[in-house]
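Engineer: In the working numbering, the protein residues as written are 482 to 722.
Note that beta-carbon positions come from the ideal geometry of N, C-alpha and C, so glycine has one too.
Sharing a structure below in structure tokens format, with a few things to ask.
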């Protein structure tokens, strides 16, 4: 509802589909204050974009979560990835989640496919930039780009389902925060906008879909989750329902 868009193309300097050579050149040209990370510089560029609408009047999938990543960096003084590792990944045992996979991790990545010219024919996708997964090398998105194994990802989701507590008994988030995740915030015109995502029966919570209409769903009301460009999808049924 911030009014931001999801445009990642020039002239903002935020193209996420650069080859390594041009990406390095683009990163060097990004403007920003001394000491700013690329994530912060990209959000500075995003601030120059015209708004889609007056904040609060509509809903649109946007760069709002990327703005939050930059806010985390400014408030904590840490790179976004370092903050996630210290406060989310290591406590939950999901140490293989990363924005910057090494050679060994890339070998374990599942095959990706894209449709050929919009047809049903599927082609192997070896260029991760097609799905926005190979971003500018130092850009750490608040809304995508993490790569890791199912086991580590599942541990983070399990903590959300367990009221914010990991399997090792460490608290990642307060129960109040989990309840905020589960709260639907779209209604009226905003809900009509969200329905364009075709997530029927759901409203939008804090960055996640939230089941608000039981219908024929086997999930209880309050189930929440999201999905990713590469096909990953999660569904969390919190124990605090």
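State whether the segment 515 to 526 contacts the segment 551 to 563, with contact taken as three or more CB pairs (one from each stretch) at a distance under 8 Å.
Structural biologist: Of all C-beta pairs linking the segment 515 to 526 to the segment 551 to 563, three or more are shorter than 8 Å, placing the two stretches in contact.
Engineer: Within its chain, find whatever has a CB closer than 6 Å to the CB of residue 575; leave out the 5 residues flanking it on each side and keep chain order.
Structural biologist: Reading the chain shown from its first residue, position 94 is the one you call residue 575. Result list for residue 575: 633, 636, 637, in chain order.
Engineer: Leaving aside the five residues before and after residue 524 along the sequence, list all residues of the same chain whose C-beta is less than 7 Å from its C-beta, in chain order.
Structural biologist: Counting from 1 along the chain shown, the entry for residue 524 is found at position 43. Excluding positions up to five away in sequence, the list reads 547, 548, 551.
Engineer: Applying the 10 Å Cβ sphere with the 16-neighbour rule, what's the burial state of residue 536?
Structural biologist: Counted from its first residue, the chain shown places residue 536 at position 55. When all chains shown are included, residue 536 counts as exposed.
Engineer: Just to confirm my understanding: we take residue 675, look at its own chain, exclude 5 residues before and 5 after, and list those with CB closer than 6 Å. What are they?
Structural biologist: What you label residue 675 is simply residue 194 of the chain shown in a count that begins at 1. Correct list, in chain order: 540, 667, 685.
Engineer: What's the C-alpha gap between residue 587 and residue 631?
Structural biologist: Numbered from its first residue, the chain shown carries residue 587 at position 106. Numbered from its first residue, the chain shown carries residue 631 at position 150. Looking at the two C-alpha atoms, the distance is approximately 14 Å.
Engineer: CA-CA distance, residue 505 and residue 578?
Structural biologist: Residue 505 sits at position 24 when you count from the first residue of the chain shown. Residue 578 sits at position 97 when you count from the first residue of the chain shown. Low confidence applies here, because residue 505 scores a pLDDT of 47, under 50, leaving its location unreliable; read the following figure in that light. Cα to Cα, residue 505 sits roughly 24 Å from residue 578.
Engineer: Suppose contacts are defined by Cβ-Cβ distances below 7 Å. Is residue 706 in contact with residue 716 by that definition?
Structural biologist: Start at 1 with the first residue of the chain shown, and residue 706 comes out as number 225. Start at 1 with the first residue of the chain shown, and residue 716 comes out as number 235. A contact, by the Cβ cut-off of 7 Å.
Engineer: Return the Cβ separation of residue 573 and residue 640 in integer angstroms, given the expectation that the two are a contact with Cβ distance under 8 Å.
Structural biologist: Numbered from its first residue, the chain shown carries residue 573 at position 92. Numbered from its first residue, the chain shown carries residue 640 at position 159. Correct: roughly 5 Å between the Cβ atoms.
Engineer: Kindly list the residues whose CB is nearer than 7 Å to the CB of residue 689, restricted to its own chain and excluding five residues on each side of it in sequence; keep chain order.
Structural biologist: In the chain shown, the residue the question calls residue 689 occupies position 208. Answer for residue 689: 662, 705, 706, 707, listed in chain order.
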